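*Asks:* Below: one structure in structure tokens.
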Amino acid sequence: MLNTQNQTKAAGWMRDLASHRMEGIRRRFVGELIGTYLMVMIGTSSVAAAAITGAQVGLWQVAVVWTLGVSLAIYATANISGAHLNPAVTLAFAIFRREEFDYRFVPLYWTAQLIGSIFAGLTVLGMFGSAIVHFELENGIVRGAAGSQRSAMVFGEYFPNPAIYGTGEAAAELISPLGALFVEGFGTAILALSIFVLTDKRNAGLVGKLAPLLIGATVGILISLFAPLTQGGWNPARDFGPRIVAYFAGWEIIAIPGPSEGFWIYILGPLIGAPVGAAVYHFLLKPALGQGSGD
Numbered sequence: 009m010l011n012t013q014n015q016t017k018a019a020g021w022m023r024d025l026a027s028h029r030m031e032g033i034r035r036r037f038v039g040e041l042i043g044t045y046l047m048v049m050i051g052t053s054s055v056a057a058a059a060i061t062g063a064q065v066g067l068w069q070v071a072v073v074w075t076l077g078v079s080l081a082i083y084a085t086a087n088i089s090g091a092h093l094n095p096a097v098t099l100a101f102a103i104f105r106r107e108e109f110d111y112r113f114v115p116l117y118w119t120a121q122l123i124g125s126i127f128a129g130l131t132v133l134g135m136f137g138s139a140i141v142h143f144e145l146e147n148g149i150v151r152g153a154a155g156s157q158r159s160a161m162v163f164g165e166y167f168p169n170p171a172i173y174g175t176g177e178a179a180a181e182l183i184s185p186l187g188a189l190f191v192e193g194f195g196t197a198i199l200a201l202s203i204f205v206l207t208d209k210r211n212a213g214l215v216g217k218l219a220p221l222l223i224g225a226t227v228g229i230l231i232s233l234f235a236p237l238t239q240g241g242w243n244p245a246r247d248f249g250p251r252i253v254a255y256f257a258g259w260e261i262i263a264i265p266g267p268s269e270g271f272w273i274y275i276l277g278p279l280i281g282a283p284v285g286a287a288v289y290h291f292l293l294k295p296a297l298g299q300g301s302g303d
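Under this note's numbering, residues 9 to 303 are what the sequence shown spells out, in order.
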């Protein structure tokens with residue numbers, strides 16, 4: 009009789025544990041999906057407003073909106089999922105923050121981030137679809153044909169920036185695929201370095217609750233500096249999710265694989281860059297934190 013009661017209690021405990029674990033998994037998934045959606049929807053809407061309607065004149069305005077969009081998304085989901093909102097950041101955390109993030113969650117986070125970014129792309133298409141068609145008609149752009157990067161750039165990213173340099177042969181000579189890969193990797197490395205520094209618990213007294221705003225500002229600075237070259241992706245989900253939407257919305261090969269078959273640059277570059285930036289923090293800055301400037 010006692011043995012039966014113990015078995016019943018053990019079974020109940022296991023059910024409670026499984027239920028608690030599933031709730032944690034759902035919480036993380038929802039946090040990453042909604043956070044990525046907010047960030048990408050706000051950011052790509054600013055690109056649409058600037059490139060399609062001309063409502064925002066200048067790259068800095070777009071960068072500021074991205075700053076606030078990233079910050080808002082982090083504030084909204086940091087206590088839910090950790091607010092990675094970026095497959096490259098998730099990879100870096102899985103490698104260098106294993107005490108905080110279980111690498112087994114990587115597929116869950118990547119899936120949520122991609123779905124969130126796809127929904128963001130669909131939202132932007134729904135809101136700006138008519139304006140994009142009007143822009144294409146006014147500028148003689150045939151969707152899916154060469155040159156339609158000028159409208160597709162609302163969703164995915166291109167090098168060099170079509171809104172600044174156009175889409176002709178001369179523009180294509182400004183930066184090579186290898187150069188674009190380096191820019192995306194370098195920018196993401198700087199972003200990851202800033203994230204790891206700003207979220208280090210030993211900097212909590214210095215940074216406090218400003219970390220999300222400072223991370224957003226880092227994204228904005230990087231966009232203002234390097235977006236003329238590659239549009240400034242720094243996030244595989246931010247690029248590939250809306251790019252999928254663009255593919256099925258008629259841009260087809262201009263979206264995937266893109267001119268010069270370069271869509272992979274916005275995936276591989278950040279996935280290389282983020283661990284590099286995290287490694288700089290882990291091996292060079294982290295050991296020095298807490299020693300003080302006088303040591």
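Beta carbons: idealized from backbone N, C-alpha and C, even for Gly. Bear in mind the structure is a predicted one, so any value in this text is a computation, not a measurement.
Using CA atoms only, rank isn't needed, just tell me which of 250, 278, 289 and 280 is closest to residue 122.
*Replies:* The residue labelled residue 122 in the question sits at position 114 within the sequence shown. Selected option, being the one with the closest Cα: 250.
*Asks:* Could you check whether residue 196 and residue 277 sit closer than 8 angstroms to each other, using their CB atoms as the reference points?
*Replies:* Taking the first residue of the sequence shown as position 1, residue 277 is located at position 269. Taking the first residue of the sequence shown as position 1, residue 196 is located at position 188. Taking 8 angstroms as the Cβ cut-off, residue 277 and residue 196 qualify as a contacting pair.
*Asks:* On the three-pair Cβ rule with 8 angstroms, is the segment 157-176 touching the segment 92-101?
*Replies:* No: the two stretches stay apart, fewer than three of their Cβ pairs being nearer than 8 angstroms.
*Asks:* Using beta-carbon positions only, say whether residue 165 and residue 274 come within less than 8 angstroms of one another.
*Replies:* In the sequence shown, the residue the question calls residue 165 occupies position 157. In the sequence shown, the residue the question calls residue 274 occupies position 266. Contact: yes.
*Asks:* With respect to the alpha helix (DSSP H) encompassing residue 135, which residues constitute its N-terminal and C-terminal limits?
*Replies:* Position 127 of the sequence shown holds residue 135. First-last of the alpha helix (DSSP H) with residue 135: 114-146.
*Asks:* Measuring alpha carbon to alpha carbon, tell me which of 71, 99, 31 and 238 ends up nearest residue 179.
*Replies:* For the purposes of this step, residue 179 is identified with residue 171 of the sequence shown, where counting begins at 1. Closest option to residue 179, Cα to Cα, is 238.
*Asks:* Determine whether the beta carbon atoms of residue 70 and residue 231 lie at a separation below 8 angstroms.
*Replies:* By 1-based counting over the sequence shown, the position of residue 70 is 62. By 1-based counting over the sequence shown, the position of residue 231 is 223. For residue 70 and residue 231, yes; Cβs fall inside 8 angstroms.
*Asks:* So the candidates are 100, 130, 32 and 49; which of them puts its Cα closest to the Cα of residue 78?
*Replies:* As a working mapping, residue 78 is identified with position 70 in the sequence shown. Closest by alpha carbon: 49.
*Asks:* Would DSSP call residue 285 helix, strand or coil?
*Replies:* Position 277 of the sequence shown holds residue 285. If DSSP states are grouped into helix, strand and coil, residue 285 belongs with the helices.
*Asks:* Helix, strand or coil: which one does DSSP assign to residue 290?
*Replies:* The sequence position of residue 290 within the sequence shown is 282, counting from 1. Three-state DSSP puts residue 290 in a helix.
*Asks:* Short check: CB of residue 120 to CB of residue 37, under 8 angstroms?
*Replies:* Taking the first residue of the sequence shown as 1, we reach residue 120 at position 112. Taking the first residue of the sequence shown as 1, we reach residue 37 at position 29. Yes. Within cutoff.
*Asks:* What residues in its chain sit with their C-beta under 8 angstroms from that of residue 302, if we drop five residues either side in the sequence?
*Replies:* Residue 302 sits at position 294 when you count from the first residue of the sequence shown. Because the pLDDT at residue 302 is just 47, under 50, the model does not fix this residue reliably, and the point stays unresolved.
*Asks:* Starting from residue 231, trace the alpha helix (DSSP H) in both directions and tell me its first and last residue.
*Replies:* Numbered from its first residue, the sequence shown carries residue 231 at position 223. Looking at the DSSP string, the run of the alpha helix (DSSP H) that includes residue 231 is 219-238.
*Asks:* Straight-line CA distance for residue 289 to residue 88?
*Replies:* As a first step, residue 289 is located in the sequence shown; it is residue number 281 there, counting from the start. As a first step, residue 88 is located in the sequence shown; it is residue number 80 there, counting from the start. So the alpha carbons of these two residues sit roughly 25 angstroms apart.
*Asks:* With distances taken from CA atoms, which of 82, 75 and 43 is nearest residue 1?
*Replies:* Lying outside 9 to 303, the shown extent of the chain, residue 1 is not represented and no answer is given.
*Asks:* Is residue 136 near residue 114, with beta carbons less than 8 angstroms apart?
*Replies:* Position 128 of the sequence shown, counting from 1, holds the residue named residue 136. Position 106 of the sequence shown, counting from 1, holds the residue named residue 114. Not a contact, by the Cβ cut-off of 8 angstroms.
*Asks:* State the start and end residues of the unbroken alpha helix (DSSP H) segment that holds residue 105.
*Replies:* For this step, residue 105 is matched to residue 97 along the sequence shown. Counting along the chain, residue 105 falls outside any alpha helix (DSSP H), and DSSP gives it neither H nor E.
*Asks:* Would DSSP call residue 296 helix, strand or coil?
*Replies:* One-based indexing of the sequence shown puts residue 296 at position 288. Looking at residue 296 - three-state DSSP - the assignment turns out to be helix.
*Asks:* From the DSSP output, in three-state form, read off residue 170 for me.
*Replies:* Residue 170 sits at position 162 when you count from the first residue of the sequence shown. Helix at residue 170.
*Asks:* If you draw a straight line from the C-alpha of residue 85 to the C-alpha of residue 57, how long is it?
*Replies:* Along the sequence shown, one-based indexing puts residue 85 at 77. Along the sequence shown, one-based indexing puts residue 57 at 49. Spanning the two alpha carbons is a distance of roughly 26 angstroms.
*Asks:* Taking the alpha carbon of residue 224 as the reference point, which residue from 75, 60 and 213 has its own alpha carbon closest?
*Replies:* The count along the sequence shown starts at 1 and reaches residue 224 at position 216. Residue 75 is the option with its Cα nearest to residue 224.
*Asks:* Grab the span of the alpha helix (DSSP H) containing residue 64 for me, first residue to last.
*Replies:* Here the question's residue 64 lines up with position 56 in the sequence shown. Where residue 64 is concerned, there is no enclosing alpha helix (DSSP H), given that its DSSP letter is neither H nor E.
*Asks:* Is it true that the segment 150-159 meets the segment 244-263, where meeting means three or more beta-carbon pairs spaced less than 8 angstroms apart?
*Replies:* Yes, the segment 150-159 touches the segment 244-263.
*Asks:* Suppose contacts are defined by Cβ-Cβ distances below 8 angstroms. Is residue 201 in contact with residue 219 by that definition?
*Replies:* Counting from 1 along the sequence shown, the entry for residue 201 is found at position 193. Counting from 1 along the sequence shown, the entry for residue 219 is found at position 211. Going by C-beta atoms, residue 201 is not nearer than 8 angstroms to residue 219.
*Asks:* Report buried or exposed for residue 247, applying the criterion of at least 16 other Cβ atoms within 10 angstroms of its Cβ.
*Replies:* The residue labelled residue 247 in the question sits at position 239 within the sequence shown. Its Cβ being crowded by 16 or more others within 10 Å, residue 247 is buried.
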